[in-house]
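**Student:** The structure that follows is given in the form of structure tokens.
Number of protein chains: 2
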Amino acid sequence: METIGFSKHDHHACIEEGLAAVEATCRRDGLQFTPQRRRVLEILLQEHRAMGAYEILDKLRAEGMGAQPPVAYRALDFLVGNGFAHKIERLNAFIACAHPGARHKPAFLICRKCDSVAEASSDAALKAMTETVSDTGFQIDRMMIEALGICPNCAGAEAT
Amino acid sequence: METIGFSKHDHHACIEEGLAAVEATCRRDGLQFTPQRRRVLEILLQEHRAMGAYEILDKLRAEGMGAQPPVAYRALDFLVGNGFAHKIERLNAFIACAHPGARHKPAFLICRKCDSVAEASSDAALKAMTETVSDTGFQIDRMMIEALGICPNCAGAEAT
DNA sequence: TTGCTGTTGATATGATATAACAACCGATAT
DNA sequence: ATATCGGTTGTTATATCATATCAACAGCAA
């Protein structure tokens, strides 16, 4: 067990499960889960944090898997486009989806001390926003929520 | 009257009022509302849309007001830092605050047809998110909400 | 005067992201 | 077998967004 993100978990299993879930979804939907795409997702799952595209690219490069920016961005486009990873706009960074397979509308909790990112549900907030804007005529299709704050780990560290 | 954003309004007056409100706040808080900063805010108010930093810089350049990126970014940092303008992360762009002076927690409504941006209150959504994450131990300091969708104007145009 | 703080000017560089086009590969139609 | 078509990959080049750094200067206070 390792402590990454906001809670302890079996990280090895979480990587395996993440890959397996995406593999299954791709098979079901006729999507090509190519070695590059698989490797990028694997990297994101292993690191378990938001990573810049160039940071990912460096890893690919080290493995001889394509050295140019488009390689990383294409794989990320695929992963993000299909909900297997998310882009954190605030950080210009990407993170593996914590609930692959499950249809969900994530909000992100970003720790401003350690930059760790957790996924939360945005369902309630989306409902609230929908009500807030109901009289403007604006029709919400998708919502990006990124909350900045202090994660439990860093809050504990501060209190020390 | 012109139609900009989601509703008709007296745009000339809205620029005047915006500048006046910021001027007053700066005087009150001892902030230096320098010509550069003023001009950048004025540009944002005039255009009344989200603008990239380099787009603003081009305008400054044309007026002989400093031609290097830091000029624009410094002014924008000041404006954003003091709540006189907002950064739209999704667009890597900046927009004048629609309610300068008023303390508020804006959410942004971004039209995916015309890229226009409106401000809405995020109060209800913030409350909802706070409840959603209450059991995680994450403490939310600030929240970024950017909703993508269709603005009333474009919805009307589509229906045609 | 000196020193301090905040702003501006300018050069350079870093970081993030995409355009464009050729090559390839597997599936399928002829 | 071979043409061709969609999707993926390889590669070069470039576009776009943002900051580090340091010198100059202006206002103000000790």
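Quick mapping for you: the protein sequence lines, in order, are chains F and X. Residue numbering for the first sequence follows the working numbering, beginning at 10 and increasing consecutively. Residue numbering for the second sequence follows the working numbering, beginning at 10 and increasing consecutively. All C-beta atoms, glycine included, are put in the ideal place defined by N, C-alpha and C. None of the values given here were measured: they were computed from a predicted structure.
#1: Just the Cα atoms here: how many angstroms apart are Lys96(X) and Ala71(F)?
#2: Spatial neighbours of Pro109(F) within its chain, please: C-beta separation below 8 Å, excluding the five flanking residues on both sides.
#3: Give me the chain F residues within the contact set of Phe147(X), using Cβ-Cβ distance strictly less than 9 Å, ordered along the chain.
#4: Using a Cβ cut-off of 8 Å (strictly closer), state whether Val89(F) contacts chain X.
#5: Taking 6 Å as the limit between beta carbons, can you name the residues of its chain near Ile52(X), skipping five residues before and five after?
#6: From the DSSP secondary-structure annotation, give me the bridge partner or partners of Arg151(F).
#7: In the structure shown, what three-state DSSP assignment does Cys35(X) receive?
#8: Classify Val126(F) as helix, strand or coil using the three-state DSSP reduction.
#9: Kindly indicate the opening and closing residues of the alpha helix (DSSP H) around Lys136(X).
#10: In chain X, what lies closer than 8 Å to Glu140(F) by C-beta?
#11: Among the residues of its own chain, which have a CB less than 7 Å from the CB of Gln45(F), if the five just before and after it don't count?
#12: Are any of the Cβ atoms in chain X nearer than 8 Å to that of Glu32(F)?
#13: Is it buried or exposed, Glu140(X), if we count other Cβ atoms within 10 angstroms and call 16 or more buried?
#14: What residues are listed by DSSP as bridge partners for Lys96(F)?
#15: Could you check which residue in Ala116(X), Cys123(X), His21(X), Ser125(X) has the C-alpha nearest to that of Ser131(X)?
#16: Since Ala171(F) meets chain X, which of its residues come closer than 7 Å, beta carbon to beta carbon?
#17: Tell me the rounded alpha-carbon separation between Asn162(X) and Arg112(X).
#18: Can you give me the Cβ contacts of Leu88(X) inside the same chain, cut-off strictly under 7 Å, excluding the 5 residues immediately before and after it?
**Tutor:** This is what the structure gives:
#1: By one-based count along the second sequence, residue 96(X) stands at place 87. By one-based count along the first sequence, residue 71(F) stands at place 62. Distance between the alpha carbons of Lys96(X) and Ala71(F) is about 36 Å.
#2: The count along the first sequence starts at 1 and reaches residue 109(F) at position 100. Excluding residues within five positions, the ones whose Cβ falls inside 8 Å are Gly27, Ala30, Val31, Thr34, Gly92, Phe93.
#3: Within the second sequence, numbered from 1, the residue matching residue 147(X) stands at position 138. What Phe147(X) touches in chain F, judged by beta-carbon distance under 9 Å, is Phe15, Leu118, Cys120, Ala127, Ala129, Ala156, Gly158, Ile159, Cys160, Pro161, Ala164, going in chain order.
#4: On the first sequence, residue 89(F) is found 80 positions in, with the first residue counted as 1. No - not a single Cβ of chain X is within 8 Å of the one on Val89(F).
#5: Position 43 of the second sequence, counted from the first residue, corresponds to residue 52(X). Excluding residues within five positions, the ones whose Cβ falls inside 6 Å are Ile65, Lys68.
#6: The residue you call residue 151(F) lines up with position 142 of the first sequence. Looking at the DSSP assignment, Arg151(F) forms a beta bridge with Leu157(X).
#7: Residue numbering aside, residue 35(X) sits at position 26 when the second sequence is read from its first letter. Looking at Cys35(X) - three-state DSSP - the assignment turns out to be helix.
#8: Looking up residue 126(F) in the first sequence gives position 117. Correct three-state label for Val126(F): strand.
#9: As a first step, residue 136(X) must be located in the second sequence, where it is residue number 127. Looking at the DSSP string, the run of the alpha helix (DSSP H) that includes Lys136(X) is 132–141.
#10: For this step, residue 140(F) is matched to residue 131 along the first sequence. The contacting residues are Ala133.
#11: Here residue 45(F) refers to the residue found at position 36 of the first sequence. If we look at Gln45(F) and ignore the five residues flanking it on each side, its Cβ neighbours are Met74, Gly75, Val80, Ala84.
#12: Along the first sequence, one-based indexing puts residue 32(F) at 23. Chain X, which has no Cβ nearer than 8 Å to the Cβ of Glu32(F), makes this no.
#13: As a working mapping, residue 140(X) is identified with position 131 in the second sequence. Exposed, since its Cβ has fewer than 16 Cβ neighbours within 10 Å.
#14: By one-based count along the first sequence, residue 96(F) stands at place 87. Phe103(F).
#15: If you number the second sequence from 1, residue 131(X) lands on position 122. Checking every option, the nearest Cα to that of Ser131(X) belongs to Ala116(X).
#16: Any property of residue 171(F) remains undetermined from this structure, which presents chain F solely from 10 to 169.
#17: Sequence index remark: in the second sequence, residue 162(X) carries index 153 (1-based). Sequence index remark: in the second sequence, residue 112(X) carries index 103 (1-based). So the two alpha carbons sit approximately 28 Å from each other.
#18: As a first step, residue 88(X) must be located in the second sequence, where it is residue number 79. If we look at Leu88(X) and ignore the five residues flanking it on each side, its Cβ neighbours are Arg46, Val49, Leu50, Ala94.
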